[in-house]
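Engineer:
Numbering (the working numbering), first residue to last: -17 to 100.
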């Protein structure tokens, strides 16, 4: 079984990932994923989660037609309904404006470290 299919089946079964798809005539034209990530419990809140939004993609022929924006709205609405504390994402280069139109704030303060082989 292909690795992506295995991932999607497991993600669907365990509920850690939620996915939204837009299709036309049986072809997926856009999709977005959110992973639910449980935070370390705090004295004032024991059950906090945030969402990691990733894999947002719309086929080039469908861009500019609000398909991706509509999926993003559904994902954000779902996160609110689930009472997630926040949604984080790392936009592809040049796609920051798309997410800003969707209500996201560009936070240049985040830091990361690639953990490749030494």
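By construction, the Cβ of each residue, glycine as well, lies at the ideal position given by its N, Cα and C atoms.
Source: prediction; values computed, not measured.
Using the three-state DSSP reduction, which class does residue -5 fall into: helix, strand or coil?
Structural biologist: As a first step, residue -5 must be located in the chain shown, where it is residue number 13. In this structure, residue -5 counts as helix in the three-state DSSP scheme.
Engineer: Residues in the same chain with beta-carbon distance under 6 Å from residue 10, minus the five sequence neighbours each way, listed in chain order, please.
Structural biologist: For the purposes of this step, residue 10 is taken as residue 28 along the chain shown, with counting starting at 1. The residues are 3.
Engineer: Our contact map puts residue 38 next to residue 50 with C-beta atoms below 8 Å; I'd like the distance itself, whole angstroms only.
Structural biologist: As a position in the chain shown, residue 38 is number 56, starting the count at 1. As a position in the chain shown, residue 50 is number 68, starting the count at 1. Yes, residue 38 and residue 50 are in contact; Cβ-Cβ is about 7 Å, under 8 Å.
Engineer: What are the start and end residues of each continuous alpha helix (DSSP H) run of 4 or more residues lying completely inside the segment 32 to 65, in chain order?
Structural biologist: DSSP runs (the alpha helix (DSSP H)) wholly in the segment 32 to 65: 49 to 63.
Engineer: So, using beta-carbon positions, are residue 16 and residue 69 closer together than 8 Å?
Structural biologist: Position 34 of the chain shown, counted from the first residue, corresponds to residue 16. Position 87 of the chain shown, counted from the first residue, corresponds to residue 69. Going by C-beta atoms, residue 16 is nearer than 8 Å to residue 69.
Engineer: Is residue 3 helix, strand or coil when you go by DSSP?
Structural biologist: Along the chain shown, one-based indexing puts residue 3 at 21. Strand.
Engineer: Going by beta-carbon coordinates alone, are residue 12 and residue 44 separated by less than 8 Å?
Structural biologist: Numbered from its first residue, the chain shown carries residue 12 at position 30. Numbered from its first residue, the chain shown carries residue 44 at position 62. Yes, the Cβ-Cβ distance between residue 12 and residue 44 is below 8 Å.
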